[in-house]
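Trainee: I am attaching a structure below and will ask some questions about it afterwards.
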């Protein structure tokens, strides 16, 4: 059996069967995106119950930028891909990831999986872990690109001598009141910080954010994002073996935090937060105040939409 045939078998390893014999997909590589944090408090008002899945968050942010730009909230009434080009495209790409297939055994010429069931099962575990890890890394990288683009646009000429991630930190430090504008920002930062601090190679740098440099709020989050991105970009992270949930959680917790930072960066440039903007440029879904939309778009809509601005329901 040739290598290509082995690849096909590896992909088929994702297919299982339900109790009634129907084929089903065992997992998708993006599954951990919706399970990177859990809470057992059971309270209906728990933030983990109110926040939308990560992929929906990206979609909501993309659409919010589009509608705000359509209504001239950034100075001119035009196209979002013209005023926020890097942000729009990167968010679209991050949200577009449906699944990823990765096979670490591609470099192994022993073909042990053909002759040994234990070796095949081990390869299957590695395929799942690698696929989930690759998906998390891809999504994180696109959102990081969106974050850097948003920083450059929002900051304008401020702190222009610094590198982009440092500009973001400096900007948020100069405007400490921004974090109160976005729902669940603080808890999202604390979750990302807690998860990243579990990595031995990151613990000292993460602890220094608040203890040594006395950063807080969005400036601390911006620094955490910078530290984590450098950790990934410089090759310090190792691909997981076996269960990849812990490995993915650090990517997705920081990704969520970056999305909230992007919302803050956009809020800075909104000209009239009280002005209603449509929830969609293509569908009649009513409108909401621009500021309210950008502060809450990552919550389930029933929890924050102002009903008076929603479209009337026909009998």
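In our numbering, the protein residues as written are 2 to 316. C-beta: ideal position from N, C-alpha, C; glycine also. Please read these numbers as outputs of a predicted model, since none were measured by experiment.
When you compare only the Cα positions, how much space is there between residue 156 and residue 278?
Mentor: The count along the chain shown starts at 1 and reaches residue 156 at position 155. The count along the chain shown starts at 1 and reaches residue 278 at position 277. For residue 156 and residue 278, the distance between alpha carbons rounds to 24 Å.
Trainee: Alpha carbon to alpha carbon, how far is residue 263 from residue 295?
Mentor: Start at 1 with the first residue of the chain shown, and residue 263 comes out as number 262. Start at 1 with the first residue of the chain shown, and residue 295 comes out as number 294. Spanning the two alpha carbons is a distance of roughly 10 Å.
Trainee: On the DSSP letters alone, give me the boundaries of the alpha helix (DSSP H) that residue 230 sits inside.
Mentor: One-based indexing of the chain shown puts residue 230 at position 229. Here the alpha helix (DSSP H) through residue 230 covers 218–234.
Trainee: Quick check: is any heavy atom of the ligand SAM less than 7 Å from the C-beta of residue 59?
Mentor: Inclusion of the ligand SAM in the displayed structure is not the case, the ligand content being empty and no account of it being possible.
Trainee: With DSSP collapsed to three states, give me the class of residue 26.
Mentor: In the chain shown, residue 26 corresponds to position 25, counting from 1. Strand, per DSSP.
Trainee: Take residue 232 and list the residues in its own chain whose beta-carbon comes closer than 7 Å to its own, dropping the five residues that flank it on each side.
Mentor: For the purposes of this step, residue 232 is taken as the residue at position 231 of the chain shown. If we look at residue 232 and ignore the five residues flanking it on each side, its Cβ neighbours are 202, 203 and 238.
Trainee: In three-state DSSP terms, what is residue 302?
Mentor: Position 301 of the chain shown, counted from the first residue, corresponds to residue 302. DSSP places residue 302 in helix when its eight states are reduced to three.
Trainee: Report the rounded CA-to-CA distance for residue 141 versus residue 253, giving the unit in angstroms.
Mentor: Here residue 141 refers to the residue found at position 140 when the chain shown is read from its first residue. Here residue 253 refers to the residue found at position 252 when the chain shown is read from its first residue. Straight-line Cα distance between these residues: approximately 7 Å.
Trainee: Helix, strand or coil for residue 87? Go by DSSP, reduced to three states.
Mentor: In the chain shown, counting from the first residue as 1, residue 87 sits at position 86. It is helical.
Trainee: Mapping DSSP to helix, strand and coil, what is residue 177?
Mentor: One-based indexing of the chain shown puts residue 177 at position 176. DSSP places residue 177 in helix when its eight states are reduced to three.
Trainee: Between the beta-carbon of residue 59 and the beta-carbon of residue 30, is there less than 8 Å?
Mentor: Taking the first residue of the chain shown as 1, we reach residue 59 at position 58. Taking the first residue of the chain shown as 1, we reach residue 30 at position 29. In this structure, residue 30 does not lie closer than 8 Å to residue 59 by Cβ.
Trainee: Taking DSSP's pairing of strands, which residues face residue 52 in a bridge?
Mentor: Position 51 of the chain shown, counted from the start, is the residue given in the question as residue 52. DSSP output for residue 52 lists 300 as bridge partner(s).
Trainee: Buried or exposed for residue 304, going by 16 or more other Cβ atoms inside 10 Å?
Mentor: Numbered from its first residue, the chain shown carries residue 304 at position 303. Result: exposed.
Trainee: Determine the direct distance from the alpha carbon of residue 136 to that of residue 100, and round the result to whole angstroms.
Mentor: By one-based count along the chain shown, residue 100 stands at place 99. By one-based count along the chain shown, residue 136 stands at place 135. Straight-line Cα distance between these residues: approximately 7 Å.
Trainee: How is the alpha helix (DSSP H) around residue 198 delimited, first residue to last?
Mentor: Taking the first residue of the chain shown as position 1, residue 198 is located at position 197. Where residue 198 is concerned, the enclosing alpha helix (DSSP H) stretches over 186–198.
Trainee: According to DSSP, which residues form a beta bridge with residue 16?
Mentor: For the purposes of this step, residue 16 is taken as the residue at position 15 of the chain shown. Residue 16 pairs with 26.
Trainee: Go ahead and pull the three-state DSSP assignment for residue 277.
Mentor: Position 276 of the chain shown, counting from 1, holds the residue named residue 277. Note: residue 277 maps to strand in three-state DSSP.
Trainee: Straight-line CA distance for residue 89 to residue 67?
Mentor: Locating residue 89 in the chain shown gives position 88, counting from the first residue. Locating residue 67 in the chain shown gives position 66, counting from the first residue. Rounded to whole angstroms, residue 89 to residue 67 spans 8 Å at the Cα level.
Trainee: Can you find at least 3 beta carbon pairs, one from the segment 190–201 and one from the segment 164–179, that sit closer than 8 Å?
Mentor: The segment 190–201, when compared against the segment 164–179, does not touch it at the 8 Å Cβ threshold.
Trainee: Of the choices 282, 280, 290 and 261, whose alpha-carbon is the least far from that of residue 274?
Mentor: Mapped onto the chain shown, residue 274 falls at position 273. Answer by Cα proximity: 290.
Trainee: Less than 8 Å between the C-beta atoms of residue 180 and residue 219, yes or no?
Mentor: As a working note, residue 180 is residue 179 in the chain shown. As a working note, residue 219 is residue 218 in the chain shown. Contact flag set, yes.
Trainee: What residue range is occupied by the uninterrupted alpha helix (DSSP H) comprising residue 111?
Mentor: By one-based count along the chain shown, residue 111 stands at place 110. No alpha helix (DSSP H) holds residue 111; DSSP gives it neither H nor E.
Trainee: Strictly by DSSP, which residues pair up with residue 288?
Mentor: Taking the first residue of the chain shown as position 1, residue 288 is located at position 287. Answer is 279, bridged to residue 288.
Trainee: Reducing DSSP to helix, strand and coil, say where residue 125 ends up.
Mentor: For the purposes of this step, residue 125 is taken as residue 124 along the chain shown, with counting starting at 1. Of the three classes helix, strand and coil, the one that applies to residue 125 here is helix, per DSSP.
Trainee: Where residue 299 and residue 182 are concerned, what is the direct C-alpha to C-alpha distance, given to the nearest angstrom?
Mentor: Position 298 of the chain shown holds residue 299. Position 181 of the chain shown holds residue 182. Distance between the alpha carbons of residue 299 and residue 182: 13 Å.
Trainee: Are there 16 or more other CB atoms within 10 angstroms of the CB of residue 127, so buried, or fewer, so exposed?
Mentor: Taking the first residue of the chain shown as position 1, residue 127 is located at position 126. By the neighbour-count rule (16 or more Cβ atoms within 10 Å), residue 127 is buried.
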